[in-house]
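Data block below; observations after.
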Amino acid sequence: MTTTTPATRKPRLAINFRQYGILAALVVIIVLFEVLTKGRLLLPGNVNNLIQQNAYVLILAIGMVVVIIAGHIDLSVGSVVAMVGAVSAIATNQWGFPWWAAVLLALVVGAVVGAWQGFWIAFVGIPAFIVTLAGMLIFRGLTLVLLTGGTISGLPDSFTAIGAGWLPGVLGELGGRDVLTLALGAITCIALVAQQLRTRATLRRLELPMESIVQMAVKSGIAVIAIMWLAWLLSGYRGTPIILIILAVLILGYTFMLNQTVFGRHVYAIGGNLFAAMMSGVKTRWVNFYVFVNMGVLAGLAGVDSTARAGGAVASAGQNYELDAIAAVFIGGAAVQGGVGTVVGAIVGGLVMGVLNMGLSILSVDAAWQMAIKGLVLLLAVAFDIFNKRRSGGR
Amino acid sequence: MNGPILRMIDIGKDFSGVKALDSVTLEVERGKVHGICGENGAGKSTLMKVLSGVYPHGSYTGTIEFEGEEAQFRSINDSEAVGIVIIHQELALSPYLSIAENIFLGNENATRGVIDWNKTNLEAASLLARVGLDENPATKVLELGVGKQQLVEIAKALSKRVKLLILDEPTAALNDEDSDHLLDLIEHLRGQGITSIIISHKLKEIRRIADTVTVIRDGKTIETIDMHGPDATQARIIRSMVGRDLNSMFPPRDPKIGAEILRVEHWNAYHPVDTSRKVVDNASFTVHAGEVVGFAGLMGAGRTELAMSIFGRSYGTNITGRVFKNGTEISVRTVDEAIRNGIAYATEDRKKYGLNLIGDITVNVSAAALATLARFGVIDRHREYKVADDYRRRMNIKAPSVSSITGQLSGGNQQKVVLSKWVFTGPDVLFLDEPTRGIDVGAKYEIYGIINELAAAGKAVVVISSELPELLGISDRIYAISEGRITGEVAAKDATQESLMHLMTAGKD
Chain A
0 MTTTTPATRK PRLAINFRQY GILAALVVII VLFEVLTKGR LLLPGNVNNL IQQNAYVLIL
60 AIGMVVVIIA GHIDLSVGSV VAMVGAVSAI ATNQWGFPWW AAVLLALVVG AVVGAWQGFW
120 IAFVGIPAFI VTLAGMLIFR GLTLVLLTGG TISGLPDSFT AIGAGWLPGV LGELGGRDVL
180 TLALGAITCI ALVAQQLRTR ATLRRLELPM ESIVQMAVKS GIAVIAIMWL AWLLSGYRGT
240 PIILIILAVL ILGYTFMLNQ TVFGRHVYAI GGNLFAAMMS GVKTRWVNFY VFVNMGVLAG
300 LAGVDSTARA GGAVASAGQN YELDAIAAVF IGGAAVQGGV GTVVGAIVGG LVMGVLNMGL
360 SILSVDAAWQ MAIKGLVLLL AVAFDIFNKR RSGGR
Chain B
0 MNGPILRMID IGKDFSGVKA LDSVTLEVER GKVHGICGEN GAGKSTLMKV LSGVYPHGSY
60 TGTIEFEGEE AQFRSINDSE AVGIVIIHQE LALSPYLSIA ENIFLGNENA TRGVIDWNKT
120 NLEAASLLAR VGLDENPATK VLELGVGKQQ LVEIAKALSK RVKLLILDEP TAALNDEDSD
180 HLLDLIEHLR GQGITSIIIS HKLKEIRRIA DTVTVIRDGK TIETIDMHGP DATQARIIRS
240 MVGRDLNSMF PPRDPKIGAE ILRVEHWNAY HPVDTSRKVV DNASFTVHAG EVVGFAGLMG
300 AGRTELAMSI FGRSYGTNIT GRVFKNGTEI SVRTVDEAIR NGIAYATEDR KKYGLNLIGD
360 ITVNVSAAAL ATLARFGVID RHREYKVADD YRRRMNIKAP SVSSITGQLS GGNQQKVVLS
420 KWVFTGPDVL FLDEPTRGID VGAKYEIYGI INELAAAGKA VVVISSELPE LLGISDRIYA
480 ISEGRITGEV AAKDATQESL MHLMTAGKD
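Taken in sequence, the protein lines are chains A and B.
Numbering-wise (numbering that gives the first Met the number 0), the first sequence opens with residue 0 and increments by one.
Numbering-wise (numbering that gives the first Met the number 0), the second sequence opens with residue 0 and increments by one.
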């Protein structure tokens, strides 16, 4: 028989508290600004902008959380975003590439950049901090070379739609609301509940432990309400942003990758204890290499998104994006030493920053103060994390 | 002043229930060299940490009297203030600072925070002269060999006006010439009235330099021997070090030894940094199905290095030699290759090399054989959970569930997680490096039981251990290793702790 000792039980509660804590913080911040802005924060247009304006941070944060779990950091992503943006603008504007070819090219360039940095980090053994600090300068420099100091605008609509467009309202409108958006919301909810029930059935069949039916119902209920509410708001504006679909696919895909695949497990193992991973036969160098290739591809995608949204490429694009992404990941509960972190956490962290930005802007708070407030939030989030760990009897 | 310089009376110290020191009494005469001998884990280092204040007053029981007065050290600073300086096995010098800077580190010749470099270098030069080191005080420490670094440590001790100098295995990493020089220096300092305590495995050195020797075993003082007396022989010290009886600490086993599974021939490996140092020297050995083979050797003898260099070249450079499994030569150049060839190695330091301490039991158990739980790179997490839970029951891992974080488990349970991980790789040969270090007697018994089961299932088990009674109790055959060479092979039933200790301390003569 096993016994439950307080010493082993406490930290698990603390971890759950931490996970839901950041979600709770997001809700508190949303409610706070909704009240302060007298209901303007959650106007359909603002919610739509929240998604489209912050998509680049969320995409970068997904790549960054993988990097940080593996125990590294990537300071170059802002410059990579600028360079890839320049490449995709040149491809569409000057070479006449169709949008899909430009996107493909952007992702390939991102992958090559990632492979370059991954090579130095994984196989030469130079710390990621140094390699990506160098990359920050190298790729910013190359961006300036590509754009020769100027800007490229006049991108085709098919390309800009990726960052600033909506799914066409093929199902028509009902009472001024986009039916497709409502339908997508409903389908997502049904898929979510079906998935929950299916997992539950598998667990029961294998006689594995599971959460109580009430717990599951409450969690699913909250998720369904949140999704339908979002769909309702968006349907009243211009429908479903294309980038939201891309984000949803990325969030699901990367959560699956980190939780369910051998590669994801190896990333956690390397961050948790590099030596133990090595001695367990994990090909640590190759894993580190691919972590950076992946970051490069996602930086490429973020470059496409931000260029498309801006409608053109400028040499100064993407500045401080790396810091936004890193902040999102740490607010989302990742550990500085590596080994800990989730995609959902990073997304929530990114949204916390995004809501703060938007709320403070609506309140016309000076940009200088906005920056200072965001810095404080990052500091407090990580301090809270450390405090939590210490209280739960960290070693 | 008369009387002993140091008396430690009835010292006891335990670590969350595990007794490291039971009742140790130590009396050191002024102006003498006092040796302390004992097996690995006997409590020597713990005792010295109590003495130097690393374990502060109140965290141990018993009393310490220094120069006739009771001492209650709360930190190393307290003990250094009265003139007790300890020099650890791993030297604690800062490699990029100069000799002079290192000597006065934390004790700088400064007025209002500004360092007087002339005074520092002059004093350093005179200290260097005292220890017989002919080097410029401005030389960076990393340019010095280990022997000279040791002398810098002693110069640093002298700068603190040391009265009692403690040296923990000072010659472990030194060659013969440097060792000789160091021992001469200790004798020279004795002439100047400085008392020394020297902990060493090398009994020849103890024989040469110590005036008295205290033997510690299982956290207790066994005896204190006057080395100028008539019966002060090496053999007597060995007998005293290993003296305990083999009691019923080991589960019974009925060995059924089958065909040879693993044969290693002429294995050599060099130190990864100091590439001229041969760490494993022409080692050859065999292991059979159903057999438990012990590797006996003192710390630094090359046991771990031998096993790690075989296991995917995880240690060392310039590795040469051949490995045969079931009679055919195999390649074990990477850890992955070694695992696929049915070899498992549970590391000595489970926290550093064995476990992901922030991960739960499940991810640790599956870590070395994830591929068997995955299809197209996707892990079957339900099956993974089942496997982990199955091992939790089989190995009797005491935890609320397999979702418990391994860092929160006790040492014995952590070790069981490590064993589960390696058994789950389905190995034919298991190397277990110090499988019972730092765990309590009950968990030890369970681990011996697991080892017996593995052998009974036809696996070949190699146990590396510093505890001779353990090796004698669980092995069928034992290899003794000293200075990287296999110095003997004996059937466990014919071996005694004394005979093994002789083989383990056999030097290159």
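Backbone N, C-alpha and C define an ideal beta-carbon position, used for all residues, glycine too.
Option in the options with minimal Cα separation from residue i
{"i": "residue 125 of chain B", "options": "B:362, B:198 and B:102", "result": "B:102"}
{"i": "residue 74 of chain A", "options": "A:30, A:138 and A:24", "result": "A:138"}
{"i": "residue 421 of chain B", "options": "B:447, B:449, B:59 and B:367", "result": "B:367"}
{"i": "residue 93 of chain A", "options": "A:228, A:114 and A:151", "result": "A:151"}
{"i": "residue 153 of chain A", "options": "A:173, A:310 and A:176", "result": "A:310"}
{"i": "residue 299 of chain B", "options": "B:106, B:363, B:169 and B:382", "result": "B:169"}
{"i": "residue 58 of chain A", "options": "A:294, A:170 and A:361", "result": "A:294"}
{"i": "residue 311 of chain B", "options": "B:274, B:268 and B:291", "result": "B:268"}
{"i": "residue 264 of chain A", "options": "B:108, B:359, B:388 and B:141", "result": "B:359"}
Distance between residue j and residue i (C-alpha atoms, nearest Å)
{"i": "residue 198 of chain B", "j": "residue 36 of chain B", "result": "6 Å"}
{"i": "residue 462 of chain B", "j": "residue 50 of chain A", "result": "59 Å"}
{"i": "residue 355 of chain A", "j": "residue 398 of chain B", "result": "42 Å"}
{"i": "residue 107 of chain A", "j": "residue 139 of chain B", "result": "48 Å"}
{"i": "residue 76 of chain A", "j": "residue 271 of chain A", "result": "24 Å"}
{"i": "residue 110 of chain B", "j": "residue 93 of chain B", "result": "23 Å"}
{"i": "residue 249 of chain B", "j": "residue 207 of chain A", "result": "36 Å"}
{"i": "residue 289 of chain B", "j": "residue 88 of chain B", "result": "38 Å"}
{"i": "residue 47 of chain A", "j": "residue 240 of chain A", "result": "7 Å"}
{"i": "residue 280 of chain B", "j": "residue 484 of chain B", "result": "5 Å"}
{"i": "residue 299 of chain A", "j": "residue 135 of chain A", "result": "14 Å"}
{"i": "residue 248 of chain A", "j": "residue 183 of chain A", "result": "13 Å"}
{"i": "residue 231 of chain B", "j": "residue 122 of chain A", "result": "57 Å"}
{"i": "residue 63 of chain A", "j": "residue 260 of chain A", "result": "18 Å"}
{"i": "residue 395 of chain A", "j": "residue 342 of chain B", "result": "In the structure as shown, chain A begins at 0 and stops at 394. Residue 395 of chain A is therefore absent and cannot be evaluated."}
{"i": "residue 140 of chain A", "j": "residue 325 of chain A", "result": "22 Å"}
{"i": "residue 412 of chain A", "j": "residue 28 of chain A", "result": "Nothing can be reported for residue 412 of chain A, as the shown portion of chain A is limited to 0 through 394."}
{"i": "residue 316 of chain A", "j": "residue 125 of chain A", "result": "27 Å"}
{"i": "residue 215 of chain A", "j": "residue 193 of chain A", "result": "12 Å"}
{"i": "residue 70 of chain A", "j": "residue 269 of chain A", "result": "7 Å"}
Proximity below 8 Å, CB of residue i to CB of residue j
{"i": "residue 295 of chain B", "j": "residue 96 of chain B", "result": "no"}
{"i": "residue 329 of chain B", "j": "residue 459 of chain B", "result": "no"}
{"i": "residue 286 of chain B", "j": "residue 428 of chain B", "result": "yes"}
{"i": "residue 185 of chain B", "j": "residue 208 of chain B", "result": "yes"}
{"i": "residue 346 of chain A", "j": "residue 250 of chain A", "result": "yes"}
{"i": "residue 146 of chain A", "j": "residue 301 of chain A", "result": "no"}
{"i": "residue 226 of chain B", "j": "residue 214 of chain B", "result": "no"}
{"i": "residue 149 of chain A", "j": "residue 338 of chain B", "result": "no"}
{"i": "residue 4 of chain B", "j": "residue 50 of chain B", "result": "no"}
{"i": "residue 242 of chain A", "j": "residue 177 of chain A", "result": "no"}
Residue i, DSSP secondary structure in three states
{"i": "residue 213 of chain A", "result": "helix"}
{"i": "residue 160 of chain B", "result": "coil"}
{"i": "residue 468 of chain B", "result": "helix"}
{"i": "residue 376 of chain A", "result": "helix"}
{"i": "residue 33 of chain B", "result": "strand"}
{"i": "residue 5 of chain B", "result": "strand"}
{"i": "residue 245 of chain B", "result": "Legend: pLDDT at residue 245 of chain B = 44, less than 50; position of this residue unreliable, value from coordinates given subsequently. Correct three-state label for residue 245 of chain B: coil."}
{"i": "residue 69 of chain A", "result": "coil"}
{"i": "residue 94 of chain A", "result": "coil"}
{"i": "residue 438 of chain B", "result": "coil"}
The region 416-435 of chain B / the region 344-353 of chain B touching (three or more Cβ pairs under 8 Å): yes
Could you check whether the region 78-90 of chain A touches the region 336-356 of chain A, counting it as contact only if at least three pairs of C-beta atoms, one from each stretch, sit closer than 8 Å? no
Taking three-plus beta-carbon pairs below 8 Å as touching, is the region 406-415 of chain B in contact with the region 377-389 of chain B? no
Any contact of the region 218-226 of chain B with the region 17-31 of chain B, i.e. 3+ C-beta pairs under 8 Å? yes
Please confirm if the region 259-277 of chain A is in contact with the region 295-310 of chain B, defined as three or more CB-CB distances below 8 Å between the two stretches. no
Within 8 Å, do at least three Cβ pairs link the region 322-331 of chain A to the region 366-383 of chain A? yes
Is it a yes or a no for the region 357-374 of chain A touching the region 387-395 of chain B, going by three-plus beta-carbon pairs under 8 Å? no
Report yes or no: do the region 442-456 of chain B and the region 357-374 of chain B share at least 3 C-beta pairs separated by less than 8 Å? With contact defined as three or more Cβ pairs closer than 8 Å, the region 442-456 of chain B and the region 357-374 of chain B are not in contact.
So, does the region 410-419 of chain B touch the region 348-357 of chain B, judging by three or more C-beta pairs under 8 Å? The region 410-419 of chain B, when compared against the region 348-357 of chain B, does touch it at the 8 Å Cβ threshold.
If you pair each beta-carbon of the region 72-81 of chain B with each one of the region 51-62 of chain B, do three or more pairs fall below 8 Å? yes
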